[in-house]
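Asks: The structure follows.
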Amino acid sequence: MRLVLPIALSCLSLAMTGCNRPPELEAAITEEARAAPAPKLTDIRMALAPAETIRLDEAEQARMAARGAALQDRAKAATGPVISAAEAQDAQERAARLRQARAAQVAEGH
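Take the sequence shown: its letter number 2 is residue 103 in our numbering, and every next letter is one higher.
Dropping the structure here:
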């Protein structure tokens with residue numbers, strides 16, 4: 102029974118700490134943001150509707166196709182070699198020279 106009061110006070114103090122606004126967050130909000138109007142809410146039924154029920158006009162279809170083609174081009178460019186064949190050959194030759202030099206050092210006892 103003696104533990105009830107300390108436990109209740111602990112729970113109350115924990116609950117009270119969640120009610121304040123941290124000053125770091127308050128300071129991060131600009132005056133412009135405070136004065137801004139509330140965001141306009143839109144109907145999300147279109148986003149939640151099955152894809153086959155959504156119809157796009159021709160301009161939007163063309164825009165989406167162009168965007169898809171551009172993304173595919175970017176993907177192709179990203180999958181290509183990072184360095185040229187000549188740079189790769191040069192790097193392999195330098196690595197071989199470094200391995201030989203290290204083997205020579207090990208053989209000398211360094």
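Ideal placement from N, C-alpha and C gives every residue a C-beta, glycine not left out.
Quick caveat: nothing in here was measured; it's all calculated off a predicted structure.
1. DSSP state of residue 139, grouped into three classes?
2. Quick one: Cα of residue 103 to Cα of residue 112, how far?
3. Assuming residue 131 is part of the alpha helix (DSSP H), what are its boundary residues?
4. In angstroms with no decimal places, state the Cα-to-Cα distance between residue 114 and residue 127.
5. I believe residue 157 touches residue 147 by the beta-carbon criterion, under 8 Å. Please report the beta-carbon distance rounded to the nearest angstrom.
6. Looking only at its chain, what residues have a beta carbon closer than 7 Å to the beta carbon of residue 193, apart from the 5 residues adjacent to it on each side?
7. Would you kindly work out how many angstroms separate the C-alpha atoms of residue 170 and residue 150, rounded to a whole number?
Replies: Here's the rundown:
1. Here residue 139 sits in coil by DSSP.
2. The alpha-carbon separation between residue 103 and residue 112 amounts to approximately 15 Å.
3. Unbroken run through residue 131: none, as it is neither H nor E.
4. One alpha carbon belongs to residue 114, the other to residue 127, and they sit about 22 Å apart.
5. At roughly 11 Å, the Cβ-Cβ gap does not stay under 8 Å, so residue 157 and residue 147 are not in contact.
6. Excluding sequence neighbours, residue 193 sits near nothing in its chain.
7. Rounded to whole angstroms, residue 170 to residue 150 spans 26 Å at the Cα level.
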